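Visitor:
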Amino acid sequence: VQLQAFGGGLVQSGGSRRLSCVASDSTFNIYHIAWYRQDPGKQREEVARITSGGSTTYAASVKGRFTISRDDAKNTVYLQMNSLKPEDTAVYYCHAQRLLDNYWGQGTLVTVSS
Numbered sequence: 046v047q048l049q050a051f052g053g054g055l056v057q058s059g060g061s062r063r064l065s066c067v068a069s070d071s072t073f074n075i076y077h078i079a080w081y082r083q084d085p086g087k088q089r090e091e092v093a094r095i096t097s098g099g100s101t102t103y104a105a106s107v108k109g110r111f112t113i114s115r116d117d118a119k120n121t122v123y124l125q126m127n128s129l130k131p132e133d134t135a136v137y138y139c140h141a142q143r144l145l146d147n148y149w150g151q152g153t154l155v156t157v158s159s
């Protein structure tokens, strides 16, 4: 499975942005998908996860502000980010996992200006 992440850019503090993670084929729907982010000098952290069945989990730092969803008909997972803060600035990556298989997409940079 090849993943491509889209939607990064510059946004003002308090604004919103939607990221998309598009998969190359329809087997995408059996994978659990997560969004991670990484700021330079910091460890990559999991931001949100959605299982193949649609269950979601969020990091405490984004809960209530970010929403992960999936549209299997479009082989796409979304990350809706609201009430963005400067500390949300990072490169965001999507990741697909099922059993021992896992795949990373390229990152997309989100910069939140104060």
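Read in order, the letters of the sequence shown correspond to residues 46 to 159 in our numbering. Note that beta-carbon positions come from the ideal geometry of N, C-alpha and C, so glycine has one too. Just so you know, these numbers come straight off a predicted model, no measurement behind them.
Sort Gly152, Gly54, Val67, Arg62 by Cα distance to Gln47 and report the nearest one.
Guide: Val67
Visitor: Which residue's Cα is closest to the Cα of Gln125: Lys87, Gly109, Ser69, Thr96?
Guide: Per the C-alpha coordinates, the member of Lys87, Gly109, Ser69, Thr96 positioned closest to Gln125 is Gly109.
Visitor: Are there 16 or more other CB atoms within 10 angstroms of the CB of Leu154, so buried, or fewer, so exposed?
Guide: exposed
Visitor: What is the rounded straight-line gap between the Cα of Val56 and the Cα of Asn74?
Guide: Taking the straight line joining both Cα atoms gives about 31 Å.
Visitor: Is DSSP giving Asn120 helix, strand or coil here?
Guide: Of the three classes helix, strand and coil, the one that applies to Asn120 here is coil, per DSSP.
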